[in-house]
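Enquirer: Got a structure for you, questions after.
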Amino acid sequence: MTKGLLTTAVGSYPKPDYLTQARNRLARREIGQEELRELERKATEEWVRFQEEIGMDILVDGEMYRGDMVTYFSENMEGWAISGLVRSYGNRYYRKPVATGPVRRKGPITLEWWRYTQGLTKKPVKGMLTGPYTMADWSFNEHYPTREAFVLDLARAVHEEALDLEKAGARYIQIDEPAVSTRPEEMELAVKALGIVTKGLSAYTITHICYGDFAAVFDGLLRLPVDNLDLEMTNSNYNLLGLFRERKGKLKKDLSMGVLDVHSHLIETVDQVKKGIRLGLEVFAPERLYIDPDCGLKTREVEEAKAKLRVMATAVREVKQELGIE
Amino acid sequence: MILPYALCSVNFRLLLPVPLGAATMDATLRKGFLLLTATVVGSYPKLPAQAGAPNLRTALARLERGQITAEEFQRTEDLVTEVVIKEQVQAGVGLISDGQIRWEDGQTYFARRIGGFSINGLIRYFNNNTYFRQPAVTGKLGWQGPIGVRDFLFAKERSPVPVKAVITGPYTLARLSQDQAYHNLRTLVLDLAEVLNQEAIALQRSGATFIQFDEPAILKWKGDFALFEEACRRLTRGLTAKTALYLYFWDIGELYPDLFHLPFQAYGLDFVSGEANYQIVKEFPSDKELGLGILDGRNTRLEPVEELVEGVRRMSSVVSLDRMYVSPSCGLEFLPRDRANQKLVRLVEGVKKAREALS
Ligand SMILES: [Zn+2]
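Here the protein sequences come in this chain order: S and X. Counting from 1084, one number per residue, gives the positions in the first sequence under the working numbering. Counting from 6, one number per residue, gives the positions in the second sequence under the working numbering.
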């Protein structure tokens, strides 16, 4: 029997209400760091149990302890400050990291959380890193003379983190690069930077990319030095698969295919997701096709996210039964 | 003598005491005599750097919870706009904007008030880590009355220096929208050009002497230049105010030199993200003006004065200083307020230094 159609998630899950409240209370100094940490561990364990319960194959820690994906890393490194408020959209504002000196790791950043989460389960837990290109593109730079120097220094830091995760036993390492798709003119820089990150790793590497003009950067995406490309598919109605279909037989990378729209409250039906998976199987053999949501689920309600993930798990199970995949 | 700003489309340059008659003014202007005008591209950070100042974020949250009325919210917008005007004037900017404090973003501000649009979900704004609600074209587009006139007049009445009126151009507005009705980019762009032409005429009637059209999208889809040109002709029809085309986030590439033959009197280009513009713009029509966006509007690094002087020097062989504006590379809303303000102060320092060094 062939193996395949492993299920995973892109990274973030929604924080339960008690955690959101605790984060606000910490900001008002009503509770201490350790109290918050305790609740973050509790929430992480709940998500691990849920992922096990629905039978997911490669788990994530859900990022209960992270705020923004770039800020989390900058706060735990040297060479960074934080800016005043800038607007993201509508009435949403945030503080943006500012590189004010050489950016370096002070020590492991995500390792402790990865170890904690892996300690809760026998299923593999992914190491989750923000990529160097995205870190640089979503920050201010007051130190480096060029964007390239900034990105490459970050690549070296993220590489050290990846090595630490691998040494600790991580078999899957994902490096998120959502910014890569927005500047085709800097694709080469992104390829070079990710090459530094993944150099010498024996772990299976994945990069998640979202929201962009994929057609314009597709050849570049295929050159990103990772084993697996994780892309949103429902968001484009699976049209993106066409780009892969054109190159069928020549593809060296595996695909993680997003089958859940993370921006919609609507819960997909099992049939919708099964249809998507079958489209993916027209281009990829099951052992090279991974199934996950389009992007991080953190903007959904906890129950919405769970309902969506259950649909995904059921759909995968049914397709596997129908096709005799183990 | 009162300096009559509204008399002539370019009379904001007449900040020097000279005898004015319409005829002499025109002659003087043709020669040009104020070297280098410091200006802005448009947007400015909405939130104050200090607590206690009028705060739009709090006000909007309260409006959404029904704790204040729309009128009270508008009062906060007005107060913030007044502060933002003051910051620009105090920095020494010679041609300001109203800071676009009331703009949710460059698209929605117009789309909400043009017939035939509805507003959809969030999408990324070009290559920035900011988002906007995407307008959807759901029917025949039509101008339903002035969009920015009230806001323009509000700023004009409060500013001792000239205020530019800014309009997101038809091509960019069309490109960033979802077309559910026309299914044809050309007719969509051309219809929007008609709509925005009416808006520009309304602004001109209300006293706008400098009308700027923002069209960053044409730099991303340069192959549409023929359509863009057609749209620009419709867009500027009947306008006697000075018109400017502002293009940012990229260099102009192969649009040079045809770009400069469009019906605009001034062009604002991005020399930061589009650094190649220094090499690309080898010649520039002697009857037009060039805006040099040489201060990074998307990064907090504060440029040294010498860097700004050098930028002006590099282009001074192509455009004479009396036909040159200096500005940030794009709107300043990507920055925190205090840094945006510091950038404007630095901009004016750079302009003064460049005048001394190069004139
Ligand atoms: Zn994503």
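Built from N, CA and C at the ideal position, the CB exists for glycine as well.
1. Taking 7 Å as the cut-off, is the C-beta of V45(X) nearer than that to any heavy atom in ligand 1?
2. Which residues mark the beginning and the end of the alpha helix (DSSP H) in which W1197(S) is found?
3. Mind checking whether H1291(S) and V1153(S) have CB atoms under 8 Å apart?
4. So that I know if they touch, is there some Cβ in chain S lying closer than 8 Å to that of R62(X)?
5. Please list, in chain order, all residues of the same chain as P268(X) whose beta carbon is under 8 Å from its beta carbon, the five residues on each side excluded.
6. Could you check the C-alpha separation between Y1101(S) and R319(X) for me, to the nearest Å?
7. Starting from the beta carbon of P341(X), find every residue of chain S whose beta carbon is closer than 7 Å, and list them in chain order.
8. Does any residue of chain S have a CB that is nearer than 8 Å to the CB of T241(X)?
9. If you compare alpha carbons, which of E1243(S), V1169(S) and T1090(S) is closest to T135(X)?
10. Mind checking whether the beta-carbon of P165(X) lies closer than 7 Å to any heavy atom of ligand 1?
11. Which runs of the alpha helix (DSSP H) fall wholly inside the segment 105 to 155 of chain X and span at least 4 residues, in chain order?
12. Once you ignore the five residues that flank G4(X) on each side, which residues in its own chain have a CB closer than 6 Å to its CB?
13. Can C335(X) be considered in contact with ligand 1, in the sense that its beta carbon sits closer than 7 Å to one or more heavy atoms?
14. Who are the near neighbours of F1327(S) in its chain, counting only those whose CB is closer than 6 Å to its CB and skipping five residues on each side?
15. Who does Y1287(S) pair with in a DSSP beta bridge?
16. Which of helix, strand or coil does DSSP assign to R319(X)?
17. Quick check: the segment 1175 to 1187 of chain S against the segment 1223 to 1231 of chain S, are at least 3 beta-carbon pairs closer than 8 Å?
18. Just confirm the distance between the C-beta atoms of V46(X) and P333(X), as a whole number of angstroms; I'd bet it's less than 8 Å.
19. Ends of the beta strand (DSSP E) at R1175(S)?
20. Which partner residues of S1339(S) appear in the DSSP bridge assignment?
21. To be precise: take each residue of the segment 274 to 300 of chain X, compare its Cβ to all Cβ atoms of chain S, and keep it if any distance is under 8 Å. Which residues remain?
22. Quick one: list the residues of chain X neighbouring R1266(S), beta-carbon separation under 8 Å, in chain order.
23. What residue does the beta strand (DSSP E) around K247(X) start on, and which one ends it?
24. Got a sec, what are the start and stop residues for the alpha helix (DSSP H) E1146(S) sits in?
25. Since R1170(S) is in the beta strand (DSSP E), which residue starts that stretch and which ends it?
26. Going by the C-beta, is V1093(S) closer than 7 Å to any heavy atom of ligand 1?
27. Roughly how many angstroms lie between the CA atoms of P1082(S) and S1171(S), to the nearest whole one?
28. Could you tell me if N1107(S) is buried or exposed, where buried requires 16 or more neighbouring beta carbons within 10 angstroms of its beta carbon?
29. Is the distance from the Cβ of A75(X) to the Cβ of L68(X) below 8 Å?
30. Do you know how far the Cα of A54(X) is from the Cα of L300(X)?
31. Any heavy atom of ligand 1 closer than 7 Å to the Cβ of P1261(S)?
32. Under the criterion of a Cβ to heavy atom distance below 7 Å, does C237(X) qualify as lining ligand 2?
33. Give me the Cα-Cα distance between L252(X) and K1331(S), rounded to the nearest whole angstrom.
34. Flag this pair as yes or no: are the beta carbons of L61(X) and E87(X) separated by less than 8 Å?
35. Which one or two residues does DSSP pair with I172(X) in a beta bridge?
36. Using 7 Å as the cut-off, classify the Cβ of G1379(S) as near or not near the heavy atoms of ligand 1, replying yes or no.
Expert: Here's the rundown:
1. Walking along the second sequence from the start, residue 45(X) turns up at place 40. Not so, every heavy atom of ligand 1 lies at least 7 Å from the Cβ.
2. For the purposes of this step, residue 1197(S) is taken as residue 114 along the first sequence, with counting starting at 1. Per DSSP, W1197(S) belongs to the alpha helix (DSSP H) from L1194 to Q1201.
3. Within the first sequence, residue 1291(S) is the residue found at index 208, counting from 1. Within the first sequence, residue 1153(S) is the residue found at index 70, counting from 1. Judged by their CB atoms, H1291(S) and V1153(S) are not nearer to each other than the 8 Å cut-off.
4. Looking up residue 62(X) in the second sequence gives position 57. At least one CB atom of chain S sits nearer than 8 Å to the CB of R62(X).
5. In the second sequence, the residue the question calls residue 268(X) occupies position 263. Residues C237, R238, T241 and T248 of the same chain have their beta carbon placed closer than 8 Å to that of P268(X), with the five preceding and five following residues left out of the count.
6. For the purposes of this step, residue 1101(S) is taken as the residue at position 18 of the first sequence. For the purposes of this step, residue 319(X) is taken as the residue at position 314 of the second sequence. The C-alpha of R319(X) is placed about 58 Å away from the C-alpha of Y1101(S).
7. Residue mapping note: residue 341(X) aligns to position 336 of the second sequence, counting from 1. Simply S1166, G1167, L1168 and V1169.
8. Position 236 of the second sequence, counted from the start, is the residue given in the question as residue 241(X). No, because no Cβ of chain S sits closer than 8 Å to the Cβ of T241(X).
9. Within the second sequence, the letter at position 130 stands for residue 135(X). Relative to the Cα of T135(X), the nearest Cα in the group E1243(S), V1169(S) and T1090(S) belongs to V1169(S).
10. Here residue 165(X) refers to the residue found at position 160 when the second sequence is read from its first residue. No, ligand 1 has no heavy atom inside 7 Å of this Cβ.
11. The segment 105 to 155 of chain X contains these whole alpha helix (DSSP H) runs: 113 to 116.
12. In the structure as shown, chain X starts at 6 and stops at 364, and residue 4(X) therefore has no counterpart that could be examined.
13. Your numbering for residue 335(X) matches position 330 in the second sequence. Remark: the C-beta of C335(X) is outside contact range of ligand 1, defined as less than 7 Å to any heavy atom.
14. In the first sequence, residue 1327(S) corresponds to position 244, counting from 1. Take F1327(S), set aside five residues on each side of it, and the residues of its chain with a beta-carbon closer than 6 Å to its own are V1366, in chain order.
15. The residue labelled residue 1287(S) in the question sits at position 204 within the first sequence. Y1287(S) pairs with Y1255(S).
16. The count along the second sequence starts at 1 and reaches residue 319(X) at position 314. Annotated three-state conformation of R319(X) is helix, per DSSP.
17. Yes: at least three Cβ pairs fall under 8 Å.
18. Within the second sequence, residue 46(X) is the residue found at index 41, counting from 1. Within the second sequence, residue 333(X) is the residue found at index 328, counting from 1. Their Cβ separation, rounded to whole angstroms, is 6 Å, which keeps V46(X) and P333(X) in contact under 8 Å.
19. For the purposes of this step, residue 1175(S) is taken as residue 92 along the first sequence, with counting starting at 1. Per DSSP, R1175(S) belongs to the beta strand (DSSP E) from R1175 to R1188.
20. By 1-based counting over the first sequence, the position of residue 1339(S) is 256. S1339(S) pairs with D1313(S) and Y1373(S).
21. From the segment 274 to 300 of chain X, no residue has a Cβ closer than 8 Å to chain S.
22. By one-based count along the first sequence, residue 1266(S) stands at place 183. Within 8 Å Cβ-Cβ: N132.
23. As a position in the second sequence, residue 247(X) is number 242, starting the count at 1. Unbroken beta strand (DSSP E) run through K247(X): K247 to L252.
24. Position 63 of the first sequence, counted from the first residue, corresponds to residue 1146(S). Neither: E1146(S) is in no alpha helix (DSSP H) and is coded neither H nor E.
25. By one-based count along the first sequence, residue 1170(S) stands at place 87. Element bounds for R1170(S): M1160 to Y1172.
26. Counted from its first residue, the first sequence places residue 1093(S) at position 10. Yes, the beta carbon of V1093(S) sits closer than 7 Å to at least one heavy atom of ligand 1.
27. A query on residue 1082(S) cannot be resolved here, the shown segment of chain S reaching from 1084 to 1409 and no further.
28. Taking the first residue of the first sequence as 1, we reach residue 1107(S) at position 24. N1107(S) should be labelled exposed.
29. The residue given as residue 75(X) occupies position 70 in the second sequence. The residue given as residue 68(X) occupies position 63 in the second sequence. In this structure, L68(X) lies closer than 8 Å to A75(X) by Cβ.
30. To locate residue 300(X), count along the second sequence from 1; it is residue 295. To locate residue 54(X), count along the second sequence from 1; it is residue 49. Each residue's Cα considered, the two are about 20 Å apart.
31. Taking the first sequence and counting its residues from 1, one reaches residue 1261(S) at position 178. Indeed, a heavy atom of ligand 1 lies less than 7 Å from the Cβ.
32. No copy of ligand 2 occurs in the structure displayed; its ligands are ligand 1 alone.
33. For the purposes of this step, residue 252(X) is identified with residue 247 of the second sequence, where counting begins at 1. For the purposes of this step, residue 1331(S) is identified with residue 248 of the first sequence, where counting begins at 1. Taking the CA atoms as reference points, L252(X) sits about 40 Å from K1331(S).
34. Residue numbering aside, residue 61(X) sits at position 56 when the second sequence is read from its first letter. Residue numbering aside, residue 87(X) sits at position 82 when the second sequence is read from its first letter. Taking a C-beta distance under 8 Å as the contact criterion, L61(X) and E87(X) do not qualify as a contact pair.
35. Residue numbering aside, residue 172(X) sits at position 167 when the second sequence is read from its first letter. Bridge partners of I172(X): F218(X).
36. Here the question's residue 1379(S) lines up with position 296 in the first sequence. G1379(S) Cβ: within cutoff of ligand 1.
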